[in-house]
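Numbered according to our numbering, the sequence shown terminates at residue 355, and the numbering increases by one at each position without gaps. Take a look at the structure below.
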Amino acid sequence: MRIPAFLLVFFLSALAHAQILPQAPTVAAKSWLLLDYSSGQALAAYNPDERVEPASLTKLMTAYVVLAALKDGKLKPEQQVPVSERAWKTQGSRMFIEPNRPVTVDELLHGVIVQSGNDASVALAEAAAGSEEAFAQLMNHEAQRLGLKATHFANATGLSDPQHYSTARELGALAAALIRDYPEHYSLYALREYTYNRITQANRNRLLWLDPAVDGVKTGHTESAGYCLIASAKRGPRRLLSVVMGTVSDGMRTQESQKLLNFGFQFFDAVTLYTKEQAVSRLRVWKGAQNLVKAGFLDDFVLSLPKGAAEKVKANLVSQQPLMAPVQKGQRVGTLKLTLDDKPYGEYPVVALETVPVAGMIGRAWDTIRLWFE
-18 MRIPAFLLVF FLSALAHAQI LPQAPTVAAK SWLLLDYSSG QALAAYNPDE RVEPASLTKL
42 MTAYVVLAAL KDGKLKPEQQ VPVSERAWKT QGSRMFIEPN RPVTVDELLH GVIVQSGNDA
102 SVALAEAAAG SEEAFAQLMN HEAQRLGLKA THFANATGLS DPQHYSTARE LGALAAALIR
162 DYPEHYSLYA LREYTYNRIT QANRNRLLWL DPAVDGVKTG HTESAGYCLI ASAKRGPRRL
222 LSVVMGTVSD GMRTQESQKL LNFGFQFFDA VTLYTKEQAV SRLRVWKGAQ NLVKAGFLDD
282 FVLSLPKGAA EKVKANLVSQ QPLMAPVQKG QRVGTLKLTL DDKPYGEYPV VALETVPVAG
342 MIGRAWDTIR LWFE
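Next comes the structure, spelled out in structure tokens:
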């Protein structure tokens, strides 16, 4: 049978596109995501926006809020924290703090990050906000500020609650924010064990022993959530994060996370499309002291692309028009839309690389007249 020419062209085009985009592995999890840290790209995913129970992955936000309090001077690392009866009796994984034994903020932070202590989480919440309930409000405020619209926290521990939920995508974004905003503390997530009260507990992230590139970040488990893991690995200049939710065992979450990280590093290359402050284009500015502003990225714009596909990427810069002065350096002025093999591959904000002040009265009046005819 002779195949019509238009069908043959369609088939060959689809086949070529399939060859460019590598086939993601099969992952035995309820939902999962592979994230490029630098660009924020989702390299592969399954049900990434499905509501899930975060379990102890919650403690990423617990630590985030506490680190913010340390940065602002509201807490001090050496500050001693009283252990309430509520913190002491908190169920689940524990650091084994005691009401009559001194414990510092720094020790509690280690207990949250390395030992996943629920008791340590409640103690820190009470130290930072007065109560766990008030601390949960701080967690939700930070979630909203970070753009995590499908996330809500009811506690600092991750214990099950109908009002405690997130998604694989947003948990990945939270982990990336933690690494980005508090790099001086991120090394805590690579610690393999921690000793407190003469009890040594191992980090539950088994990838810290299996893959030297892995340096974090957090495990989670409840009966209803299953076994979860966000893992981060850096090989050379590239960092990838895997988010695996709802696997059936500790070994399975480790195996599937390793599978995703290996897939990302083996089948994608890091390609620098634009260097730091390289002008992607010059955009029209109205009522400004100059008519054009250089637009681009304040840091190197590095994208993960399927191996051998760099030459097939096309970029189109869409300006936010009319762009009115004053324009501040770093202000978003447009969107870079990328296609790979003529298929959408991502959209990224482009910012002004220079400041454009407001023009004088005559210049503003002239541009007002010109805008009438645009």
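Just so you know, even glycine gets a beta-carbon here, dropped at the ideal spot from N, CA and C. Quick caveat, the model's predicted, so the values are computed rather than measured.
{"Asked": "Exposed or buried, what is Asn81 when buried is set at 16 or more other beta-carbons lying within 10 Å of its beta-carbon?", "Found": "exposed"}
{"Asked": "Going by the beta-carbon positions, is the gap between Gly341 and Val308 smaller than 8 Å?", "Found": "no"}
{"Asked": "Between which two residues does the beta strand (DSSP E) harbouring Gly111 extend?", "Found": "Where Gly111 is concerned, there is no enclosing beta strand (DSSP E), given that its DSSP letter is neither H nor E."}
{"Asked": "Alpha carbon to alpha carbon, how far is Ala68 from Ala110? Give it in angstroms, no decimals.", "Found": "14 Å"}
{"Asked": "Take the Cβ of Trp353 as the centre, count every other Cβ of all protein chains shown within 10 Å, and call the residue buried at 16 or more, exposed below.", "Found": "exposed"}
{"Asked": "To the nearest angstrom, how far is it from the Cα of Leu152 to the Cα of Val224?", "Found": "8 Å"}
{"Asked": "Can you list, in chain order, the residues of its chain whose CB lies under 8 Å from that of His145, leaving out five sequence neighbours each side?", "Found": "Glu34, Pro35, Thr39, His133, Phe134, Ala135, Asn136, Gly139"}
{"Asked": "Give a yes or no on whether 8 Å exceeds the smallest Cβ distance from Leu152 to chain D.", "Found": "The displayed structure is made up of one protein chain only, and chain D is not part of it."}
{"Asked": "Report back the beta-carbon spacing between Ser19 and Arg220 to the nearest angstrom; my notes put them in contact at under 8 Å.", "Found": "7 Å"}
{"Asked": "Which whole runs of the alpha helix (DSSP H) in the region 82 to 157 are 4 residues long or more, in chain order?", "Found": "86 to 94, 99 to 110, 113 to 126"}
{"Asked": "At what residues does the beta strand (DSSP E) containing Leu221 begin and finish?", "Found": "219 to 228"}
{"Asked": "When we look at the beta-carbon of Lys324 and count the other beta-carbons within 10 Å, is it buried (16 or more) or exposed?", "Found": "exposed"}
{"Asked": "List the whole-angstrom C-beta distance separating Tyr175 from Val84, where the pair is believed to meet the contact cut-off of C-beta under 8 Å.", "Found": "Contact flag wrong, Cβ pair sits at about 13 Å."}
{"Asked": "Please report the residue range of the beta strand (DSSP E) in which Thr176 lies.", "Found": "174 to 177"}
{"Asked": "According to DSSP, is Asn272 helix, strand or coil?", "Found": "coil"}
{"Asked": "Suppose contacts are defined by Cβ-Cβ distances below 8 Å. Is Phe244 in contact with Pro287 by that definition?", "Found": "no"}
{"Asked": "Let me make sure I understand the geometry here. Which of Leu321, Gln125, Ala306 has the alpha-carbon closest to that of Ala333?", "Found": "Ala306"}
{"Asked": "One question on the structure: do Thr316 and Pro330 come within less than 8 Å of each other, judged by their Cβ atoms?", "Found": "yes"}
{"Asked": "Comparing C-alpha positions only, which one of Asp17, Pro6, Pro3, Ala9 sits nearest to Pro218?", "Found": "Asp17"}
{"Asked": "Work out the CA separation of Gly289 and Thr181 for me, nearest whole Å.", "Found": "47 Å"}
{"Asked": "Quick check: the Cα distance between Leu191 and Gln61, rounded to an integer number of angstroms?", "Found": "36 Å"}
{"Asked": "Can you list, in chain order, the residues of its chain whose CB lies under 7 Å from that of Lys215, leaving out five sequence neighbours each side?", "Found": "Ala194, Asp196"}
{"Asked": "According to the neighbour-count rule (16 or more other Cβ atoms, all chains shown, within 10 Å of its Cβ), is Ala(-5) buried or exposed?", "Found": "Bear in mind that the predicted position of Ala(-5) carries a pLDDT of just 38, short of 50, making it too unreliable to give a figure here."}
{"Asked": "So for Pro338, helix, strand or coil by DSSP?", "Found": "coil"}
{"Asked": "Can you look up Ser205 in the DSSP assignment and give me helix, strand or coil?", "Found": "coil"}
{"Asked": "According to DSSP, is Asp231 helix, strand or coil?", "Found": "helix"}
{"Asked": "How is the alpha helix (DSSP H) around Leu286 delimited, first residue to last?", "Found": "No alpha helix (DSSP H) contains Leu286, which is instead part of the beta strand (DSSP E) from 282 to 287."}
{"Asked": "For Ala27 versus Glu123, is the C-beta distance shorter than 8 Å?", "Found": "It is worth fixing the name first, because residue 27 is Tyr in this sequence and not Ala. Not in contact: Tyr27 and Glu123 (Cβ atoms no closer than 8 Å)."}
{"Asked": "Restricting to Cα atoms, I'd like to know which of Pro303, Ile78, Glu59 is closest to Asp87.", "Found": "Glu59"}
{"Asked": "Which term fits Thr235, buried or exposed, when burial requires 16 or more other beta carbons within 10 angstroms of its beta carbon?", "Found": "buried"}
{"Asked": "May I have the straight-line CA-CA distance separating Val299 from Lys318, to the nearest angstrom?", "Found": "7 Å"}
{"Asked": "Quick one, are the C-beta atoms of Lys23 and Leu14 less than 8 Å apart?", "Found": "With the sequence shown as reference, residue 23 is identified as Ala, and Lys is not the correct amino acid for it. Cβ distance < 8 Å, so Ala23 and Leu14 count as in contact."}
{"Asked": "With a CB to CB cut of under 8 Å and the five nearest residues on each side skipped, what residues in its chain are close to Ala117?", "Found": "Ala106, Phe134, Ala135, Asn136, Ala137"}
{"Asked": "What is the C-beta distance between Asp231 and Thr253, in whole angstroms, given that I count them as a contact (C-beta under 8 Å)?", "Found": "Between Thr253 and Asp231 the Cβ distance is about 38 Å, and since that is not below 8 Å, they are no contact."}
{"Asked": "In three-state terms, what does DSSP make of Asp192?", "Found": "coil"}
{"Asked": "Between Ala276 and Glu292, what straight-line distance do the alpha-carbon atoms span, to the nearest angstrom?", "Found": "22 Å"}
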